[in-house]
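Enquirer: If you read the sequence shown in full-length UniProt numbering, its first letter stands for residue 1, the second for the next number, and so on. We put the beta carbon where it would ideally sit given N, CA and C, even for glycine. Sharing a structure with you now.
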Amino acid sequence: MTGLDKQVATAAEAVADIPDGATLAVGGFGLCGNPMALITALLEQGTSELSVVSNNCGVDDWGLGLLLGAKRIRKMTSSYVGENKEFERQFLSGELEVELTPQGTLAEKLRAGGSGIAAFFTRTGVGTQIAEGGLPMRYDGAGGVAHASPPKEVRTFDGPDGPAEYVLEEAISCDFALVHALRGDRHGNLVFNRSARNFSPQAAMAGRVCIAQVEELVEPGELEPDQIHLPGVFVHRVVEVGTDIEKRIERRTVTEAPSSAGASGTTGQEG
């Protein structure tokens, strides 16, 4: 990897310098856009005591659930954690610290971190434990709360609907970011697929070192500028994983088509 060429040969090489105790921003939405090659490489190299920021923590056998199941994660900052039974077990037993954050707030905290914005005020969470504190972050294993969220600053501003209270949210920046993209070039410019775009650009921005796995790696100049979702200035390493990688659907719903017997359709996330 020299100059503007950010390509690395393997996922293992890409994550080799992520140490124990690192903070990670990880892209993906549900099970779409999960950087599985990078997560698996991190699992295989044995990195532990990770503090991870991601919309969710995968499921028991996929996504960040692999690292969680191996007890490599000490803290999760997430919006949605309802699909992972091991997550629930570790949280309630006091093994895992969890910081629950409203989904839009989490996205903005990551974007702010990557934009050099230290904090921002939002109405989301005003009047709840998000602002007032007391939200369980770690249990003691016996049904009690060992550590609760602290109260946050609340101020009144003259907003679009008149004076209203806003809660101060601090930005998030991490040591590393791991993301999956549909296409990328060797300069690090990335294109995400559909709902995989929900959190991946923001997570990438928040990492001091951003590592991207891409299904298709192209030469600089092959991507139309208007199609690029994340410019290469935010990306430091790119590894190609190919288009035949496994992709999973978090929940599959099958229904019979009303006009033809036996016909069916599925719904799910794509990424």
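Identify the continuous alpha helix (DSSP H) that holds G114 and give its terminal residues.
Expert: Here residue 114 corresponds to residue number 114 of the sequence shown, with the count starting at 1. Residues Q103 to S115.
Enquirer: Would you report the Cα separation of D140 and D5, rounded to the nearest angstrom?
Expert: The residue given as residue 140 occupies position 140 in the sequence shown. The residue given as residue 5 occupies position 5 in the sequence shown. Using only the alpha carbons, I get a separation of about 48 Å.
Enquirer: Going by C-alpha to C-alpha distance, which of A14, G143 and V8 sits closest to A177?
Expert: Taking the sequence shown and counting its residues from 1, the one referred to as residue 177 is at position 177. Closest option to A177, Cα to Cα, is A14.
Enquirer: In three-state terms, what does DSSP make of I39?
Expert: Start at 1 with the first residue of the sequence shown, and residue 39 comes out as number 39. In this structure, I39 counts as helix in the three-state DSSP scheme.
Enquirer: Report the start-end ranges of each alpha helix (DSSP H) in the stretch 194 to 252 that is 4 residues or longer and not cut off at the edges.
Expert: Segments of the alpha helix (DSSP H) lying fully in the stretch 194 to 252: 200 to 206.
Enquirer: By the 10 Å Cβ neighbour count, where 16 or more other Cβ atoms means buried, how is L106 classified, buried or exposed?
Expert: Taking the first residue of the sequence shown as position 1, residue 106 is located at position 106. By the neighbour-count rule (16 or more Cβ atoms within 10 Å), L106 is buried.
Enquirer: Can you tell me where the beta strand (DSSP E) with L64 in it begins and where it stops?
Expert: To locate residue 64, count along the sequence shown from 1; it is residue 64. No beta strand (DSSP E) holds L64; DSSP gives it neither H nor E.
Enquirer: Start and end of the beta strand (DSSP E) containing A164?
Expert: The count along the sequence shown starts at 1 and reaches residue 164 at position 164. Residues G162 to E170.
Enquirer: Could you check if K109 is buried or exposed, using at least 16 other CB atoms within 10 Å of its CB as the buried criterion?
Expert: Taking the sequence shown and counting its residues from 1, one reaches residue 109 at position 109. So K109 counts as buried.
Enquirer: Could you give the distance in angstroms between the alpha-carbon of G143 and the alpha-carbon of V8?
Expert: Here residue 143 refers to the residue found at position 143 of the sequence shown. Here residue 8 refers to the residue found at position 8 of the sequence shown. The alpha-carbon atoms of G143 and V8 are separated by roughly 47 Å.
Enquirer: In the DSSP output, what is L92 paired with across the bridge?
Expert: Here residue 92 corresponds to residue number 92 of the sequence shown, with the count starting at 1. None, per the DSSP bridge assignment.
Enquirer: Since I believe A12 is in contact with Q45 (beta carbons under 8 Å), could you give me their beta-carbon distance rounded to a whole number of angstroms?
Expert: Here residue 45 refers to the residue found at position 45 when the sequence shown is read from its first residue. Here residue 12 refers to the residue found at position 12 when the sequence shown is read from its first residue. Going by Cβ atoms, the distance from Q45 to A12 rounds to 7 Å, so yes, they are a contact pair.
Enquirer: When DSSP labels each residue in this structure, what does K75 get in the three-state scheme?
Expert: Translated into the one-based positions of the sequence shown, residue 75 becomes position 75. Here K75 sits in strand by DSSP.
Enquirer: Measure the alpha-carbon distance for V145 versus V52 and round it to whole angstroms.
Expert: Here residue 145 refers to the residue found at position 145 when the sequence shown is read from its first residue. Here residue 52 refers to the residue found at position 52 when the sequence shown is read from its first residue. Each residue's alpha carbon lies about 21 Å from the other.
Enquirer: Would DSSP call E99 helix, strand or coil?
Expert: Working through the sequence shown from its first residue, we reach residue 99 at position 99. It is a strand residue.
Enquirer: Among G134, V167, G207 and P151, which has the Cα closest to the Cα of D175?
Expert: The sequence position of residue 175 within the sequence shown is 175, counting from 1. If we check each option's Cα against that of D175, G207 comes out closest.
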